[in-house]
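**Student:**
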Amino acid sequence: MYDFAYHKPTSIADAVKILAADPDAKPVSGGHTLLPALKHRLNQPSALVDLSGIAELRGIKREGDTIIIGAMTRHGEVATSDIIKSAIPALAHMASTIGDTQVRNRGTMGGSLANNDPAADYPAAAMALGAKFQTDRRTLAAEDFFQGMFTTALEPDELLIAIHFPVPKKAGYAKLKNPASRYSMCGVFVADGAAGIRVAVNGAGPGVFRQEAAEAALSANWSPEAVAGVKQDPDGLNSDIHGSAEYRAHLVTVMTKRAVLDAG
Amino acid sequence: MNAIAPFEGIGASVKRKEDLRFLSGRGRYTDDMNRPGQTHAVFLRSPHPHARIDAVDSAAARAMPGVVAIFTGADIKASGIGGLPCGWGVKNKDGTPMAEPAHPVLAHERVRHVGDPVAMVIAETRAQAKDAAEAIMVSYTPLGSVATVTAAVAPGATEVHEGVAANTSFDWHIGDKAITDAAFAGAAHTVSFDLVNNRLVPNAMEPRAAIGEFDPTNDEYTLYTTSQNPHVIRLLMGAFVLNIPESRLRVVAPDVGGGFGSKIFHYAEEAAVTWAAPRVKRPVKWTCDRTEAFISDAHGRDHVSHAELALDKDGKFLGLRVQTLANMGAYLSTFAPAVPTYLYATLLAGCYATPTIYAEVKGVFTNTVAVDAYRGAGRPEATFLIERLVDVAAKATGIDRIELRRRNFIPADAFPYQTPVALEYDSGDYQSTLDMALAASDWAGFEARRSAAAAKGKLRGIGISTYVEACGIAPSHVVGQLGARAGLYEVANIRVHPTGSITVFTGTHSHGQGHETTFAQLIADRMGVPMNQIDVVHGDTSRIPFGMGTYGSRSLAVGGSAMVKAMDKIVLKGRKIAAHLLEASLEDIEFEGGKFRVAGTDREKTLTEISLAAYVPHNYPIDELEPGLEETAFYDPKNFTYPAGAHVCEVEIDPATGQTEVIAFTAVDDVGRVINPMIVEGQVQGGVAQGIGQALLEHAVYDAEGQLLSGSLMDYTMPRADDLPNVAVSHHTTLCTHNPLGVKGCGEVGAIGSPPAVINAVVDALRDYDVTHINMPATPPKLWGIINAARPALAAE
Ligand SMILES: Cc1cc2nc3c(=O)[nH]c(=O)nc-3n(C[C@H](O)[C@H](O)[C@H](O)COP(=O)(O)OP(=O)(O)OC[C@H]3O[C@@H](n4cnc5c(N)ncnc54)[C@H](O)[C@@H]3O)c2cc1C
Numbered sequence: 001m002y003d004f005a006y007h008k009p010t011s012i013a014d015a016v017k018i019l020a021a022d023p024d025a026k027p028v029s030g031g032h033t034l035l036p037a038l039k040h041r042l043n044q045p046s047a048l049v050d051l052s053g054i055a056e057l058r059g060i061k062r063e064g065d066t067i068i069i070g071a072m073t074r075h076g077e078v079a080t081s082d083i084i085k086s087a088i089p090a091l092a093h094m095a096s097t098i099g100d101t102q103v104r105n106r107g108t109m110g111g112s113l114a115n116n117d118p119a120a121d122y123p124a125a126a127m128a129l130g131a132k133f134q135t136d137r138r139t140l141a142a143e144d145f146f147q148g149m150f151t152t153a154l155e156p157d158e159l160l161i162a163i164h165f166p167v168p169k170k171a172g173y174a175k176l177k178n179p180a181s182r183y184s185m186c187g188v189f190v191a192d193g194a195a196g197i198r199v200a201v202n203g204a205g206p207g208v209f210r211q212e213a214a215e216a217a218l219s220a221n222w223s224p225e226a227v228a229g230v231k232q233d234p235d236g237l238n239s240d241i242h243g244s245a246e247y248r249a250h251l252v253t254v255m256t257k258r259a260v261l262d263a264g
Numbered sequence: 001m002n003a004i005a006p007f008e009g010i011g012a013s014v015k016r017k018e019d020l021r022f023l024s025g026r027g028r029y030t031d032d033m034n035r036p037g038q039t040h041a042v043f044l045r046s047p048h049p050h051a052r053i054d055a056v057d058s059a060a061a062r063a064m065p066g067v068v069a070i071f072t073g074a075d076i077k078a079s080g081i082g083g084l085p086c087g088w089g090v091k092n093k094d095g096t097p098m099a100e101p102a103h104p105v106l107a108h109e110r111v112r113h114v115g116d117p118v119a120m121v122i123a124e125t126r127a128q129a130k131d132a133a134e135a136i137m138v139s140y141t142p143l144g145s146v147a148t149v150t151a152a153v154a155p156g157a158t159e160v161h162e163g164v165a166a167n168t169s170f171d172w173h174i175g176d177k178a179i180t181d182a183a184f185a186g187a188a189h190t191v192s193f194d195l196v197n198n199r200l201v202p203n204a205m206e207p208r209a210a211i212g213e214f215d216p217t218n219d220e221y222t223l224y225t226t227s228q229n230p231h232v233i234r235l236l237m238g239a240f241v242l243n244i245p246e247s248r249l250r251v252v253a254p255d256v257g258g259g260f261g262s263k264i265f266h267y268a269e270e271a272a273v274t275w276a277a278p279r280v281k282r283p284v285k286w287t288c289d290r291t292e293a294f295i296s297d298a299h300g301r302d303h304v305s306h307a308e309l310a311l312d313k314d315g316k317f318l319g320l321r322v323q324t325l326a327n328m329g330a331y332l333s334t335f336a337p338a339v340p341t342y343l344y345a346t347l348l349a350g351c352y353a354t355p356t357i358y359a360e361v362k363g364v365f366t367n368t369v370a371v372d373a374y375r376g377a378g379r380p381e382a383t384f385l386i387e388r389l390v391d392v393a394a395k396a397t398g399i400d401r402i403e404l405r406r407r408n409f410i411p412a413d414a415f416p417y418q419t420p421v422a423l424e425y426d427s428g429d430y431q432s433t434l435d436m437a438l439a440a441s442d443w444a445g446f447e448a449r450r451s452a453a454a455a456k457g458k459l460r461g462i463g464i465s466t467y468v469e470a471c472g473i474a475p476s477h478v479v480g481q482l483g484a485r486a487g488l489y490e491v492a493n494i495r496v497h498p499t500g501s502i503t504v505f506t507g508t509h510s511h512g513q514g515h516e517t518t519f520a521q522l523i524a525d526r527m528g529v530p531m532n533q534i535d536v537v538h539g540d541t542s543r544i545p546f547g548m549g550t551y552g553s554r555s556l557a558v559g560g561s562a563m564v565k566a567m568d569k570i571v572l573k574g575r576k577i578a579a580h581l582l583e584a585s586l587e588d589i590e591f592e593g594g595k596f597r598v599a600g601t602d603r604e605k606t607l608t609e610i611s612l613a614a615y616v617p618h619n620y621p622i623d624e625l626e627p628g629l630e631e632t633a634f635y636d637p638k639n640f641t642y643p644a645g646a647h648v649c650e651v652e653i654d655p656a657t658g659q660t661e662v663i664a665f666t667a668v669d670d671v672g673r674v675i676n677p678m679i680v681e682g683q684v685q686g687g688v689a690q691g692i693g694q695a696l697l698e699h700a701v702y703d704a705e706g707q708l709l710s711g712s713l714m715d716y717t718m719p720r721a722d723d724l725p726n727v728a729v730s731h732h733t734t735l736c737t738h739n740p741l742g743v744k745g746c747g748e749v750g751a752i753g754s755p756p757a758v759i760n761a762v763v764d765a766l767r768d769y770d771v772t773h774i775n776m777p778a779t780p781p782k783l784w785g786i787i788n789a790a791r792p793a794l795a796a797e
């Protein structure tokens with residue numbers, strides 16, 4: 001780890017001010033991605049802006065048909081929140097499958113979405129549910145927020161504040177974990193909600209993507225059988241020592257079926 | 001045997017004494033130690049699998065804050081230091097010695113694997129040392145490289161060491177080729193298959209660490225290091241690398257957090273920090289990162305083999321032929337040549353009365369991390385080959401796999417049994433062990449469970465492995481003939497203190513095995529002293545007379561036997577003292593339950609009274625007997641010990657994803673006499689966890705050039721608790737016939753017996769598909785590929 005300065009502001013405005021003044025400063029939320037990168041000397045920020053002192057970034061609330069989750073909300077809180085469990089049980093279930101207890105007690109939804117790891121869980125839920133991303137200066141749709149592997153629309157000094165999830169009629173999630181890292185090898189989130197019927201895939205590709213053939217099949221007939229014949233094109237999918245693109249393409253179909261079963 | 005403490009004698013599941021310390025965070029590991037004035041070392045390592053070092057420019061790095069010194073391979077060479085020694089020499093078929101190229105402490109002129117150390121940076125802090133290491137400019141010219149044994153022996157392959165033809169360190173064989181070929185010529189059936197024993201990264205919980213220290217007032221060196229065998233390190237490093245007399249070199253291996261073999265070997269870093277200490281005139285400490293461990297700890301396994309079995313029309317084995325290419329990595333690590341030869345091919349008889357065996361093994365250099373002993377060392381590779389081959393033969397001949405094993409087992413009345421590959425098994429009863437395993441696993445009820453699984457869409461399979469292994473290493477004269485450059489006896493010193501408490505000094509080392517408990521139990525049982533008055537000391541060459549350390553499941557069989565011998569001497573001396581005090585003749589004095597008694601009377605002296613008399617010799621046979629009550633014994637075993645067992649594994653495969661779940665695992669092991677059943681069960685559970693890890697999860701994968709693709713725990717799959725079943729452990733005991741305790745050893749049986757049981761179960765689960773063999777690890781994509789190729793419709797659910 002290289003040396004860095006450390007700030008712990010108590011308001012969003014102060015945090016943004018520090019980030020704007022120093023282009024090499026970085027926000028840190030749970031630190032479960034950023035700190036390992038620092039330890040491996042893969043990243044050299046001049047300063048870390050610790051978001052854990054900002055009360056405005058925390059909390060889960062329901063406003064009408066929308067669930068609003070603060071960026072600093074830990075995965076463990078999402079997994080156990082009564083509000084989320086009753087409104088979007090698939091999202092609570094998804095959170096409960098992230099990493100292990102220690103990871104869920106540190107990692108945050110904001111950190112995970114801002115990081116946009118192709119193998120992370122949440123991007124699929126955000127994409128399928130048509131979530132809105134509220135930052136300190138604007139609101140972005142999921143399609144605009146995610147911009148491929150480890151890339152988002154956030155400016156370097158822009159903070160993700162909260163994520164707004166429209167409550168769906170139903171939703172489900174299924175994934176196969178990478179046996180080593182336990183991140184997603186292929187996860188599929190299906191939802192029937194405000195944005196229509198959506199099927200979003202994490203883990204299999206270089207970033208979260210929608211499976212349009214499966215969406216069409218489910219729009220015609222919401223059932224596991226309807227998606228059994230959907231063929232994902234392996235072209236462009238990830239291929240590594242844990243599985244070929246063909247294997248991942250096959251998993252897209254299997255996990256879509258299972259997600260529909262999960263959604264009921 | 002014991003009147004005082006039956007609850008803590010032999011056979012009692014005494015809780016581990018050391019666990020309070022470990023579980024409450026008070027273990028004292030090498031990295032917990034900090035020496036006055038200490039500096040920190042970091043090693044700059046090669047990013048290339050194979051390259052020429054054209055220049056190392058450390059001028060800028062030297063000027064960085066906190067830097068104390070920077071040393072390169074050239075500096076070490078200039079100081080007259082040679083390379084790291086290999087502790088075992090193997091001969092080629094023609095009797096010539098193996099090729100044994102130099103293994104420099106720091107790479108000089110060439111790097112031969114990713115992770116080869118190029119420079120050592122010493123600084124005030126570890127972070128400063130890392131900063132400076134990044135500032136060193138090394139100019140490399142990349143050379144061609146070979147990562148696999150098959151590529152390395154191919155014509156025209158790049159030479160890892162110039163002049164070592166076909167990258168072959170040794171081309172060795174065992175057994176009689178002509179007789180074996182004749183057996184094949186006359187056989188009713190022959191079966192064969194090709195197999196790979198996957199390469200593993202040991203990953204002990206505690207990474208390696210070392211602190212080198214030099215005291216100029218008396219020219220004494222101290223090395224604190226994460227070792228399974230501090231005396232071996234003292235011998236190898238002192239005598240063969242740094243030329244330090246043993247009398248001036250102390251090696252301390254304090255609490256060590258797991259070794260599994262990887263901490264047997266003498267590594268470059270511990271030599272480098274010891275070498276550097278007098279040069280920087282301060283202690284030098286190095287602690288390995290986990291990522292660094294992946295490219296610097298010796299790896300395990302990595303064999304490519306072809307196996308053939310000849311059978312008569314009734315399924316009797318007539319002969320076995322094996323060819324193996326064993327990956328040595330870039331250099332010969334301390335015991336590397338022994339592993340695929342004398343610890344592997346000598347075990348190829350397995351539990352079977354195969355009359356003739358011929359095995360050829362080539363030890364091959366590649367541009368990868370060195371490969372050496374890893375839990376089981378050679379025996380898991382042999383067991384995987386045989387136990388898969390028997391299943392392959394069962395399928396080919398149509399003979400039931402259990403029946404085929406029974407027909408070929410060495411019968412219980414045939415011991416001692418001389419195999420055609422050098423070993424003489426002393427005891428065993430394979431039929432009975434198998435019977436127990438079949439009953440415990442409800443083998444007979446399997447087909448109903450398979451049908452129930454099929455109804456849920458799962459493919460269920462059951463597999464068995466009946467293994468034998470050779471441990472308790474080893475008779476010195478035997479291993480000496482086979483190329484060992486050391487003896488393999490063990491040493492115990494037992495000190496009865498004046499008031500009767502006891503300290504045992506053992507040359508073995510505990511790094512998770514619970515020796516502080518097992519050995520104390522052994523002493524308590526024999527000496528009649530409560531365990532809380534017995535302390536076991538290990539891991540410090542300045543406290544322990546000598547010792548060869550812990551590996552090859554030898555600590556109890558060899559180290560415990562040395563304790564028995566030392567206790568015999570204590571008891572004899574105690575009887576002499578008692579005879580004097582009780583005015584009786586020596587022959588009439590018996591010792592039992594901590595008391596010396598005149599046979600047939602109630603006249604007795606406690607051990608405490610005797611020890612007090614020995615240290616306060618007022619009324620004492622001083623003309624005939626020295627004061628004090630302390631004895632040392634060296635014990636050299638007469639033979640290896642031969643634990644055996646039957647492991648049964650039951651799995652379910654999800655045909656949609658290829659994922660395997662281990663549903664049940666039954667281990668029935670014959671480890672000889674059991675001192676502490678709880679500790680033995682822990683050893684078996686842990687060994688089976690590693691075996692399941694090898695069979696389903698773990699794989700050190702190099703790309704064709706020699707970059708390690710599974711270089712961290714994000715990509716290298718260590719088994720986790722939820723990958724594993726609770727192993728049902730039980731024992732079927734036949735005693736070792738040649739050591740005083742009748743013990744055989746339990747540290748490796750789990751890792752040896754289990755991998756073929758798992759793969760046999762996986763192959764059985766896929767019995768409706770056309771599969772003969774699946775190499776480890778049986779990963780989801782691999783199994784899905786098999787299923788999908790055969791039945792695309794089913795695979796898509
Ligand atoms: C062992 C382990 C296992 C894991 N397993 C999984 C898994 O199975 N599935 C999964 O999805 N994830 C997994 N993770 C990742 C983890 O769950 C976190 O989601 C992830 O580390 C990011 O969240 P964080 O709060 O830790 O972010 P940090 O590490 O603190 O930050 C990540 C990045 O986001 C930026 N950032 C953080 N907060 C904000 C903000 N509010 N606005 C703008 N930028 C911000 C930071 O600057 C940084 O670049 C695992 C992590 C570990 C260590």
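Protein sequence lines, in the order shown, are assigned to chains A and B. The opening position of the first sequence corresponds to residue 1 in UniProt numbering, with each subsequent residue numbered one higher. The opening position of the second sequence corresponds to residue 1 in UniProt numbering, with each subsequent residue numbered one higher. The C-beta atom is built at its ideal place from N, Cα and C for all residues, glycine as well.
#1: Measure the alpha-carbon distance for S11 of chain A versus G53 of chain A and round it to whole angstroms.
#2: Within 10 angstroms of its Cβ, does H242 of chain A collect 16 or more other Cβ (buried), or is it exposed?
#3: At the level of alpha carbons, what is the spacing between A795 of chain B and A131 of chain A?
#4: Is residue 798 of chain B helix, strand or coil when you go by DSSP?
#5: From what residue to what residue does the beta strand (DSSP E) around T274 of chain B run?
#6: Would you kindly work out how many angstroms separate the C-alpha atoms of F170 of chain B and T150 of chain B, rounded to a whole number?
#7: Assign G547 of chain B to buried or exposed, taking buried as 16 or more other Cβ atoms, counted over all protein chains shown, within 10 Å of its Cβ.
#8: Can you find a C-beta in chain B that's less than 9 Å from the C-beta of I241 of chain A?
#9: Measuring from the CB of E158 of chain A, is there a heavy atom of ligand 1 at a distance below 8 Å?
#10: Given 8 Å as the limit, tell me if V28 of chain A has its C-beta closer than that to any heavy atom belonging to ligand 1.
#11: Mind checking M1 of chain B: buried by the 16 CB within 10 Å criterion, or exposed?
#12: In chain order, which continuous runs of the beta strand (DSSP E) of length 3 or greater are located wholly inside the region 620-664 of chain B?
#13: Using only the alpha-carbon positions, how far apart do G73 of chain B and Y221 of chain B sit?
#14: Measuring CA to CA, which of B:E698, B:G539, B:N167, B:S432 is closest to N203 of chain B?
#15: T226 of chain B and V256 of chain B - do their beta-carbons sit closer together than 9 Å?
#16: Three-state secondary structure (DSSP) at N197 of chain B?
#17: Quick one: is the Cβ of S184 of chain A within less than 8 Å of any heavy atom of ligand 3?
#18: Taking beta-carbon pairs under 9 Å, can you tell me which members of the region 415-443 of chain B lie near chain C?
#19: Can you give the Cα-Cα distance for A370 of chain B and H773 of chain B, rounded to whole angstroms?
#20: Given that a residue counts as buried once 16 or more other Cβ atoms are within 10 Å of its Cβ, and exposed if not, what is V616 of chain B?
#21: Count the other C-beta atoms from every protein chain shown that fall within 10 angstroms of the C-beta of H40 of chain A, then say buried if there are 16 or more, exposed otherwise.
#22: Enumerate in chain order the residues of its own chain whose CB-to-CB distance from M255 of chain A is below 7 Å, with the five nearest sequence positions on each side excluded.
#23: Run through DSSP, which three-state label would Y221 of chain B get?
**Tutor:** A quick look at the data gives this:
#1: 8 Å
#2: buried
#3: With a pLDDT of only 44 at A795 of chain B, under 50, the local geometry of the prediction cannot be trusted, and no value is derived from it.
#4: This structure does not reach residue 798 of chain B, given that chain B is present from 1 up to 797, and the question cannot be answered.
#5: Counting along the chain, T274 of chain B falls outside any beta strand (DSSP E), though it belongs to the alpha helix (DSSP H) covering 268-280.
#6: 15 Å
#7: buried
#8: yes
#9: yes
#10: yes
#11: Unreliable placement is indicated for M1 of chain B, whose pLDDT of 39 sits below 50; the coordinate value is still reported in the next sentence. Label assigned to M1 of chain B: exposed.
#12: 630-635, 644-654
#13: 22 Å
#14: B:E698
#15: yes
#16: strand
#17: Although ligand 3 was asked about, the structure shown includes only ligand 1 as ligands.
#18: This model lacks chain C altogether; the protein chains it does include are A and B.
#19: 28 Å
#20: exposed
#21: exposed
#22: A174, K175, L176, C186, G187, V188
#23: strand
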